[in-house]
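Undergrad: Sharing a structure with you now.
There are 2 protein chains.
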Amino acid sequence: MNDKRTTSPRRRRVLSGLGAASLATVLLPRARAAVAPLPVEPWSQQPGEPGLWHPYGLPSDFEKDVVRRISRPPAMPGATSTLTPLGDLFGAITPNGLVYERHHGGVPLIDPAQHRFVIHGLVKQAREFTLDDLMRFPSVSRVHFLECSGNTASEWKGPSGLPVQMTHGLLSCCEWTGVPLSTVLDEVGVAPEAKWFLAEGSDAAAMTRSIPLAKGLDDALLVYAQNGEHLRPENGYPLRLLLPGFEGNTNIKWLRRIKLTAEPFMTREETSKYTDLQADGLARQFVFEMDAKSVITRPSAGQHLGGPGFYPVSGLAWSGRGCITRVEVSMDGGKTWRDATLQGPVQSKAATRFEAGWHWDGAPADLQSRATDETGYVQPTRDALVAARGLNSYYHYNGIQNWQVAANGEIRNA
Amino acid sequence: MNDKRTTSPRRRRVLSGLGAASLATVLLPRARAAVAPLPVEPWSQQPGEPGLWHPYGLPSDFEKDVVRRISRPPAMPGATSTLTPLGDLFGAITPNGLVYERHHGGVPLIDPAQHRFVIHGLVKQAREFTLDDLMRFPSVSRVHFLECSGNTASEWKGPSGLPVQMTHGLLSCCEWTGVPLSTVLDEVGVAPEAKWFLAEGSDAAAMTRSIPLAKGLDDALLVYAQNGEHLRPENGYPLRLLLPGFEGNTNIKWLRRIKLTAEPFMTREETSKYTDLQADGLARQFVFEMDAKSVITRPSAGQHLGGPGFYPVSGLAWSGRGCITRVEVSMDGGKTWRDATLQGPVQSKAATRFEAGWHWDGAPADLQSRATDETGYVQPTRDALVAARGLNSYYHYNGIQNWQVAANGEIRNA
Chain A
1208 MNDKRTTSPR RRRVLSGLGA ASLATVLLPR ARAAVAPLPV EPWSQQPGEP
1258 GLWHPYGLPS DFEKDVVRRI SRPPAMPGAT STLTPLGDLF GAITPNGLVY
1308 ERHHGGVPLI DPAQHRFVIH GLVKQAREFT LDDLMRFPSV SRVHFLECSG
1358 NTASEWKGPS GLPVQMTHGL LSCCEWTGVP LSTVLDEVGV APEAKWFLAE
1408 GSDAAAMTRS IPLAKGLDDA LLVYAQNGEH LRPENGYPLR LLLPGFEGNT
1458 NIKWLRRIKL TAEPFMTREE TSKYTDLQAD GLARQFVFEM DAKSVITRPS
1508 AGQHLGGPGF YPVSGLAWSG RGCITRVEVS MDGGKTWRDA TLQGPVQSKA
1558 ATRFEAGWHW DGAPADLQSR ATDETGYVQP TRDALVAARG LNSYYHYNGI
1608 QNWQVAANGE IRNA
Chain B
1208 MNDKRTTSPR RRRVLSGLGA ASLATVLLPR ARAAVAPLPV EPWSQQPGEP
1258 GLWHPYGLPS DFEKDVVRRI SRPPAMPGAT STLTPLGDLF GAITPNGLVY
1308 ERHHGGVPLI DPAQHRFVIH GLVKQAREFT LDDLMRFPSV SRVHFLECSG
1358 NTASEWKGPS GLPVQMTHGL LSCCEWTGVP LSTVLDEVGV APEAKWFLAE
1408 GSDAAAMTRS IPLAKGLDDA LLVYAQNGEH LRPENGYPLR LLLPGFEGNT
1458 NIKWLRRIKL TAEPFMTREE TSKYTDLQAD GLARQFVFEM DAKSVITRPS
1508 AGQHLGGPGF YPVSGLAWSG RGCITRVEVS MDGGKTWRDA TLQGPVQSKA
1558 ATRFEAGWHW DGAPADLQSR ATDETGYVQP TRDALVAARG LNSYYHYNGI
1608 QNWQVAANGE IRNA
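Residue numbers (my numbering), protein chains in the order written: chain A, 1208 to 1621; chain B, 1208 to 1621.
Dropping the structure here:
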C-alpha cells in the first residue's frame, strides 16, 4: 500500500491493457494476466540457509523497519516509551518482539531463580513464593490487550499529524499465561477488612499502584508467560500483574509484592500521575477501565494508496469493559457509517481485528472507525470527549481517529 | 519443576516447619510463610536497561536454552528439521521465533518486491500477482496448528526415550493472516474440469504437492503474516499456502505458483515420500488430515518433580478435522481416565491447551493424555495404531504418549 512500484511504467502499461470486463469483482484492479512462465529466481537455483540458521528465529531483513520506536527522548534514564508498529501488523496478536514498552526506571534484568514474590498485609498468613511455586498452581491462558492510558494523548488538542504507530502504538495484545490471583488469595486467606491491595514492582522505580481487591478476586492474573513463552524482560520477566482491561500502568511488571489494605495508598502514580484533570479543576482518580476505542491501522497516515480501486480497510478495536460488539467505519469523515466485519472469536478485553471493503473512487476521503462494546458504550468523537472532559487531561483519550486521504493517495493524520 | 533448588537445606527446613493445617488446599506444599521483608535486590537499586534496548525484542538471557533444536544432522545441505521446545511453552500460541522448521532445500531469502505468484492451468484467466496485489484482497486471520506428518515418528516401534521437544516438536500453532484462496480462485475463474491443484514453492527444492481443489475452495489461505507480523523467512516469507488441518508438507512455503488440473501430479513428495506403507505392502497416499492427537508437555520426559504434592498436568491437543471436544488424562498408564479442562476459546484445527490437577503421592506413575475431536474420533493407543497400520509407516503416528514418573521424581519416555 505504501509501495511506490504502482507508478512504474510496466505496471501502468499492464493496467491500461486490462479492460473493465476483467475487473468484474473490482477486487483486482492491479492484477496482470499471466502470459509467460515465471522466471526462475536466484533463490530457487541454490540451496537456501540451513535449518537452525537461527535457533531462536528473527524477522526477514526486508522487514527491518518494522520495529518499536521511541516517541521522544526520555526525561531521565530509563523513563521511556516505545510504540508498537500497528500500521505494519495483522490479526489481533502482537508478536512479543514488538509489544510496546513503558518504563519508569528502565528494564531490570532479573534472575528468575532469585526472584521472590510476597503476599502480605490484611491476610490470614503472609506467604513468600518462588517462580517455581507459582508455576505449581493451576494455570490459565487468556488473550488480553494492554494499553497505556497515555496512548493517543497526542490527539487531545487536535490532529497531531503523527502516524498510527506514534498515535496509538502504546497498545498490544497477547495470550497471557499465569495463575489467577484469586487462587493465591484463597491460599493466603483474605482478612474481612481488606478492600484494596498495593502491587509493587522490583524495578528501580519501585512502581506501585493501589488496586481494588474486587479486581484481584475477579480476573486478575499473576502472569509468567506471553504468547507461549516466558515473559520478555521489558514486559515484566519473570512475573507481572495482569489486570484485564485496566490501564497499562496498573499491570505492575517485575512484580515482587502484593499488600492487602483497607484503603488505597495514594502513591505518586495515582496522585501526581495517572489522574485526569478536568475543566473544573477537579481530577478523575482511579480511572481503571480503558474505554472502548478503535483505530484504522491500514490504510493510515504515512501510507499511500496506489490508485483508485478496492482496499480492505482494517484496524483494531478494544474495550476494558468486555467484548467489542460492533465496529463501524466511515469514509466521509463521520457523515455515514457502515458495519465492519469483526474477526472472531471476539474475546473479552482483547484487541479485535475489524475489516471493511472500500472501493476508492480517487476523490479525497476521510477514514474513521467507531467501536461499541458489550455495555453499549460507543466511542466518542474528539469534540464530544473534549466537551465532557476539557483539555487539561493527558490520559484516557479515546476519540474517533480521522485519516485524511488526498486525491494523490497520500494519507495524513489531519 | 526441573528445579533442583527444591532439595536445598533452606527449602527443606521451611517445609518441615509447615504443618498440615496450612496446606488445606494442597496447592502449596512448598510455599513459605513470609516472616521478614524481602531483600532489596541489586536490580531494584539502579536504573535498568533503557527503553528501545532492543527495537525488536528478544527473550531473557535466562531463557537461552528455550530454542528450536535439530533432531539429527541433515542428509544434505538444507534438508533439515528443527523442533519447537514444547516442554518449555505455555498457552496455545507458538511464538514466531520457536515455530518448527522443515526444509528440503534450505531457507530462501526472498525480496518481497521481486516475488511473484501465478495461478494458471484450468482457469478462465491465468493471473500473476505481486504481494501488494494479494494484500489488496479482503483478509482473514485464523489460529491453526501446523504439524509435520513425520512428527512423533520416533515412537512407532516403542518408547524412544526422547523428550517432548524431540518426539512432538514438529508442531506449532499461530494466528495466520492472509487471503482465502477461494477469493482468488473466484477472481481467476475455475474451469469445470478442474479437480486438483499443484502448489509449488520457490525454494531450491521446488517443493510441489497436489491438493484437492475442494480444499482450495474451502478453508485454504494464501498467508503473508503469522502472529501479527509478516511471515518469518523459515516459514515461507513472503507468501505461503496454509491448508488448515492438512499435513505440514502440503502447506507450501515461498509459494510461487498454483496450477489447476484434472488429476494429481504424483510428485516425489506424494509418491516416494509422504505416503504410508502398510503391513500388506500397499501404501496409503494423499493422507491429508492430521488425526486427533495430544501430548502432555509439562511434566514430561527430562523434567523432574520436586516432591509429592500438587502439580498442574498440562499439554496440547489438536485435530485436522475440527475442534477438540475432550481431553482425558490418566496417571496410571491408561487404566483410569478423567477429563482435563480445555483452555477456551477452542478453535477448529488449532492447538488446544488442556490442564488437569494432580496430587502426586510420590509413587511411580505413568502420565498419558487422550484427545477426542468433533467427529468423535478418539486418539488411539500405540498398540491399536500398530494393529491397524503395521510397522512400515513413518508418517502419521498419533498414538497416546506415556511419560513414566519414578519415585525420585525423574520422568522418562518409557
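Glycine included, C-beta positions come from ideal geometry on N, C-alpha and C.
(1) So if DSSP puts residue 1325 of chain A in a beta bridge, which residue, or which two residues, is it bridged to?
(2) Can you find the residues in the same chain that come closer than 7 angstroms, C-beta to C-beta, to residue 1214 of chain A, ignoring five residues on each side of it along the sequence?
(3) Please check if any C-beta of chain A sits within less than 8 angstroms of the C-beta of residue 1260 of chain B.
(4) Residue 1361 of chain B CB to nearest chain A CB: under 8 angstroms?
(5) Looking at the structure shown, is residue 1306 of chain B part of a helix, part of a strand, or coil, going by DSSP?
(6) Specify the secondary structure class of residue 1393 of chain B as computed by DSSP and reduced to three states.
(7) Just to confirm the assignment, what range does the beta strand (DSSP E) spanning residue 1594 of chain A have?
(8) Helix, strand or coil: which one does DSSP assign to residue 1455 of chain A?
(9) According to a CB-to-CB cut-off of less than 9 angstroms, which residues of the stretch 1429-1448 of chain B neighbour chain A?
(10) Using the Cβ count rule (16 or more neighbours within 10 Å means buried), how would you classify residue 1527 of chain A?
(11) Can you list, in chain order, the residues of the stretch 1310-1328 of chain A whose Cβ is nearer than 9 angstroms to any Cβ on chain B?
(12) Compare the Cα-Cα distances from residue 1591 of chain A to each of A/1364, A/1390, A/1610 and report the closest residue.
(13) How would you call residue 1599 of chain B, buried or exposed, if buried means at least 16 neighbouring beta carbons within 10 angstroms?
(14) Taking 8 angstroms as the CB-CB cut-off, is residue 1617 of chain B touching chain A?
(15) Should residue 1446 of chain B be labelled buried (16 or more other beta-carbon atoms within 10 Å of its own) or exposed?
(16) Here's the rule I'm using: 16 or more other beta-carbon atoms within 10 Å means buried, otherwise exposed. How should residue 1426 of chain A be labelled?
(17) By Cβ distance below 7 angstroms, which residues in the same chain neighbour residue 1495 of chain B in space, the five residues on each side in sequence not counted?
(18) Among B/1620, B/1510, B/1555, B/1532, whose alpha-carbon lies nearest the alpha-carbon of residue 1382 of chain B?
(19) Name the two residues that bound the continuous alpha helix (DSSP H) containing residue 1374 of chain A.
(20) With contact counted as at least three CB pairs below 8 angstroms, one residue from each stretch, are the stretch 1262-1280 of chain B and the stretch 1415-1435 of chain A in contact?
(21) Compute the distance between the beta-carbons of residue 1441 of chain A and residue 1260 of chain B, then report whether it is under 8 angstroms.
(22) Would you say residue 1552 of chain B reaches chain A, if we count a Cβ-Cβ gap shorter than 8 angstroms as a contact?
(23) Please say whether residue 1293 of chain B and residue 1372 of chain B have beta carbons closer to each other than 8 angstroms?
(24) Could you confirm whether any beta carbon from chain B is found closer than 8 angstroms to the beta carbon of residue 1546 of chain A?
(25) Does the stretch 1514-1525 of chain B touch the stretch 1564-1575 of chain B, meaning 3 or more C-beta pairs lie closer than 8 angstroms?
(26) Let me confirm a value: residue 1232 of chain B is counted as buried when at least 16 other C-beta atoms fall within 10 Å, else exposed. Which label applies?
(27) Rounded C-beta distance between residue 1313 of chain A and residue 1256 of chain B? I'm assuming under 8 angstroms.
(28) Reducing DSSP to helix, strand and coil, say where residue 1250 of chain B ends up.
(29) Does the separation of the CB atoms of residue 1603 of chain B and residue 1483 of chain B fall below 8 angstroms?
(30) Nearest-angstrom Cα distance between residue 1536 of chain A and residue 1620 of chain A?
(31) Verify whether the separation of the beta carbon atoms of residue 1439 of chain B and residue 1245 of chain A is less than 8 angstroms.
(32) On the CB-based measure, 16 or more other CB atoms within 10 Å of its CB, does residue 1330 of chain B come out buried or exposed?
(33) Who pairs with residue 1387 of chain B in a beta bridge, going by DSSP?
(34) Residues of the stretch 1295-1311 of chain B with a CB closer than 9 angstroms to any CB of chain A: list them in chain order, please.
(35) Identify every residue that forms a DSSP beta bridge with residue 1290 of chain B.
(36) Beta-carbon of residue 1531 of chain B versus every beta-carbon of chain A: anything under 8 angstroms?
TA: If we stick to the structure as given:
(1) Working through the first sequence from its first residue, we reach residue 1325 of chain A at position 118. A/1335, A/1464.
(2) Taking the first sequence and counting its residues from 1, the one referred to as residue 1214 of chain A is at position 7. Any reading at residue 1214 of chain A is ruled out, since the residue's pLDDT is 33, under 50, leaving its predicted position unreliable.
(3) Locating residue 1260 of chain B in the second sequence gives position 53, counting from the first residue. Answer yes: the Cβ-Cβ gap between residue 1260 of chain B and chain A drops below 8 angstroms somewhere.
(4) Taking the second sequence and counting its residues from 1, one reaches residue 1361 of chain B at position 154. The beta carbon of residue 1361 of chain B does not come within 8 angstroms of any beta carbon belonging to chain A, so the residue lies off that interface.
(5) For the purposes of this step, residue 1306 of chain B is taken as the residue at position 99 of the second sequence. Looking at residue 1306 of chain B - three-state DSSP - the assignment turns out to be coil, as it is neither helix nor strand.
(6) For the purposes of this step, residue 1393 of chain B is identified with residue 186 of the second sequence, where counting begins at 1. Three-state result, residue 1393 of chain B: helix.
(7) Counting from 1 along the first sequence, the entry for residue 1594 of chain A is found at position 387. Under the DSSP assignment, residue 1594 of chain A falls outside any beta strand (DSSP E), being part of the alpha helix (DSSP H) whose first and last residues are 1589-1596.
(8) Taking the first residue of the first sequence as position 1, residue 1455 of chain A is located at position 248. Reduced to three states, the DSSP call for residue 1455 of chain A is helix.
(9) Sequence-ordered contacts of the stretch 1429-1448 of chain B with chain A read 1431, 1432, 1433, 1434, 1435, 1436, 1437, 1438, 1439, 1440, 1441, 1442, 1444, 1445 [C-beta pairs closer than 9 angstroms].
(10) The residue you call residue 1527 of chain A lines up with position 320 of the first sequence. Per the 10 Å Cβ criterion, buried.
(11) Sequence-ordered contacts of the stretch 1310-1328 of chain A with chain B read 1310, 1312, 1313, 1314, 1315, 1316, 1317, 1318, 1319, 1320, 1321, 1322, 1323, 1324, 1325, 1326, 1327 [C-beta pairs closer than 9 angstroms].
(12) Walking along the first sequence from the start, residue 1591 of chain A turns up at place 384. It is A/1364.
(13) Taking the second sequence and counting its residues from 1, one reaches residue 1599 of chain B at position 392. The residue in question, residue 1599 of chain B, is exposed, as its Cβ has fewer than 16 Cβ neighbours within 10 Å.
(14) On the second sequence, residue 1617 of chain B is found 410 positions in, with the first residue counted as 1. Chain A contact via Cβ: absent.
(15) Residue mapping note: residue 1446 of chain B aligns to position 239 of the second sequence, counting from 1. With 16 or more Cβ atoms within 10 Å of its Cβ, residue 1446 of chain B is classed as buried.
(16) Position 219 of the first sequence, counted from the first residue, corresponds to residue 1426 of chain A. That one is buried.
(17) Position 288 of the second sequence, counting from 1, holds the residue named residue 1495 of chain B. Once the five neighbours on either side are set aside, the close Cβ partners of residue 1495 of chain B are 1453, 1454, 1457.
(18) Numbered from its first residue, the second sequence carries residue 1382 of chain B at position 175. Nearest of B/1620, B/1510, B/1555, B/1532 to residue 1382 of chain B, Cα basis: B/1555.
(19) As a working note, residue 1374 of chain A is residue 167 in the first sequence. Annotation: the continuous alpha helix (DSSP H) that includes residue 1374 of chain A extends over 1371-1375.
(20) No, the stretch 1262-1280 of chain B does not touch the stretch 1415-1435 of chain A.
(21) On the first sequence, position 234 is the one that residue 1441 of chain A refers to. On the second sequence, position 53 is the one that residue 1260 of chain B refers to. In contact: residue 1441 of chain A and residue 1260 of chain B (Cβ atoms closer than 8 angstroms).
(22) Position 345 of the second sequence, counted from the first residue, corresponds to residue 1552 of chain B. With respect to chain A, the C-beta atom of residue 1552 of chain B has a partner C-beta closer than 8 angstroms.
(23) Taking the first residue of the second sequence as position 1, residue 1372 of chain B is located at position 165. Taking the first residue of the second sequence as position 1, residue 1293 of chain B is located at position 86. Here residue 1372 of chain B is near residue 1293 of chain B, since their CB atoms are less than 8 angstroms apart.
(24) By 1-based counting over the first sequence, the position of residue 1546 of chain A is 339. So no, residue 1546 of chain A is outside the interface.
(25) In this structure the stretch 1564-1575 of chain B touches the stretch 1514-1525 of chain B; the number of beta carbon pairs closer than 8 angstroms is three or more.
(26) As a position in the second sequence, residue 1232 of chain B is number 25, starting the count at 1. Legend: pLDDT at residue 1232 of chain B = 45, less than 50; position of this residue unreliable, no value from coordinates given.
(27) Reading the first sequence from its first residue, position 106 is the one you call residue 1313 of chain A. Reading the second sequence from its first residue, position 49 is the one you call residue 1256 of chain B. The C-beta separation of residue 1313 of chain A from residue 1256 of chain B comes to about 5 angstroms, placing the pair in contact by the 8 angstroms criterion.
(28) Here residue 1250 of chain B refers to the residue found at position 43 of the second sequence. Of the three classes helix, strand and coil, the one that applies to residue 1250 of chain B here is helix, per DSSP.
(29) For the purposes of this step, residue 1603 of chain B is identified with residue 396 of the second sequence, where counting begins at 1. For the purposes of this step, residue 1483 of chain B is identified with residue 276 of the second sequence, where counting begins at 1. It is a contact, given that the beta carbons lie within the stated cut-off.
(30) Indexing the first sequence from 1 puts residue 1536 of chain A at position 329. Indexing the first sequence from 1 puts residue 1620 of chain A at position 413. Each residue's alpha carbon lies about 16 angstroms from the other.
(31) On the second sequence, residue 1439 of chain B is found 232 positions in, with the first residue counted as 1. On the first sequence, residue 1245 of chain A is found 38 positions in, with the first residue counted as 1. Contact flag unset, no.
(32) As a first step, residue 1330 of chain B must be located in the second sequence, where it is residue number 123. That one is buried.
(33) Looking up residue 1387 of chain B in the second sequence gives position 180. According to DSSP, residue 1387 of chain B bridges with B/1428.
(34) Going along the stretch 1295-1311 of chain B in chain order, one finds 1295, 1296, 1297, 1298, 1299, 1300, 1301, 1302, 1303, 1304, 1305, 1306, 1308, 1309, 1310 with a Cβ nearer than 9 angstroms to chain A.
(35) In the second sequence, the residue the question calls residue 1290 of chain B occupies position 83. Residue pairing from DSSP places residue 1290 of chain B in a beta bridge opposite B/1276.
(36) Locating residue 1531 of chain B in the second sequence gives position 324, counting from the first residue. No, residue 1531 of chain B lies away from the interface with chain A (no Cβ there is under 8 angstroms from its Cβ).
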